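Per my numbering, numbering of the sequence shown is gapless, rising by one per residue and ending at 150.
From the three backbone atoms N, C-alpha and C, an ideal C-beta is built for every residue, glycine too.
Since the model is a prediction, treat every value here as computed from it, not as a measurement.
Quick notes on the structure that follows.
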Amino acid sequence: MLESLDLSWNRLDGTIPRELVNLDSLGFLNLSENLLGGPIPLGRHFDTFREDSYRGNLDLCGSPLTKDCGDTEAPPPATPWEAEEQYDDSEFFDGFTWKAVLLGYGCGLVLGLVMGGLIFLTGKPRWVVLIVEESFKPRRRPMKWIHIRT
Numbered sequence: 001m002l003e004s005l006d007l008s009w010n011r012l013d014g015t016i017p018r019e020l021v022n023l024d025s026l027g028f029l030n031l032s033e034n035l036l037g038g039p040i041p042l043g044r045h046f047d048t049f050r051e052d053s054y055r056g057n058l059d060l061c062g063s064p065l066t067k068d069c070g071d072t073e074a075p076p077p078a079t080p081w082e083a084e085e086q087y088d089d090s091e092f093f094d095g096f097t098w099k100a101v102l103l104g105y106g107c108g109l110v111l112g113l114v115m116g117g118l119i120f121l122t123g124k125p126r127w128v129v130l131i132v133e134e135s136f137k138p139r140r141r142p143m144k145w146i147h148i149r150t
């Protein structure tokens with residue numbers, strides 16, 4: 001017995017299956033932010049779902065949406081590459097993409113190869129030894145004296 005169905009943000013495309021109308025126990029439906037199109041099926045309790053259940057599906061039409069279907073047929077399902085072009089990932093990645101990862105790996109690789117090559121070619125460079133020794137040298141904190149006037 002299915003009472004709630006949330007398929008939001010799943011990149012679903014095509015039309016809403018008419019078989020969903022037959023789910024009598026379905027009390028909540030969320031198909032928002034997909035690539036669905038065509039008329040919203042009518043019947044039974046399907047008319048009770050609110051408009052926000054279909055938000056973000058620009059090609060959907062019919063009740064409860066304000067967009068009227070008219071006499072047009074359902075649009076053909078989008079091909080996978082068209083669906084990819086229409087989908088906006090900005091909310092998921094928010095500026096973090098595979099390009100940033102590759103840029104970081106590339107810079108790290110170049111820096112590592114240059115540093116490794118310098119160390120390998122020069123044997124034991126004095127400047128590297130000084131940096132490493134300074135980073136591992138224990139640091140003494142100066143003692144703070146409290147002077148009290150009497």
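Helix or strand or just coil, what does DSSP make of residue i?
i: D13; result: strand
i: F136; result: helix
i: D68; result: coil
i: S8; result: coil
i: G43; result: coil
i: F28; result: strand
i: L111; result: helix
i: L35; result: strand
i: L23; result: coil
i: L2; result: coil
How many angstroms separate the CA atom of residue i from the CA atom of residue j?
i: D6; j: L36; result: 14 angstroms
i: E19; j: F46; result: 11 angstroms
i: L113; j: N10; result: 42 angstroms
i: T15; j: L42; result: 13 angstroms
i: L12; j: N34; result: 5 angstroms
i: M115; j: S135; result: 17 angstroms
i: L58; j: G27; result: 24 angstroms
i: F120; j: S8; result: 55 angstroms
i: L60; j: S53; result: 11 angstroms
i: R55; j: C69; result: 16 angstroms
i: V101; j: S25; result: 46 angstroms
i: K99; j: L111; result: 18 angstroms
i: E133; j: G108; result: 23 angstroms
When we look at the beta-carbon of residue i and count the other beta-carbons within 10 Å, is it buried (16 or more) or exposed?
i: P39; result: buried
i: L103; result: exposed
i: N22; result: exposed
i: L29; result: buried
i: L31; result: buried
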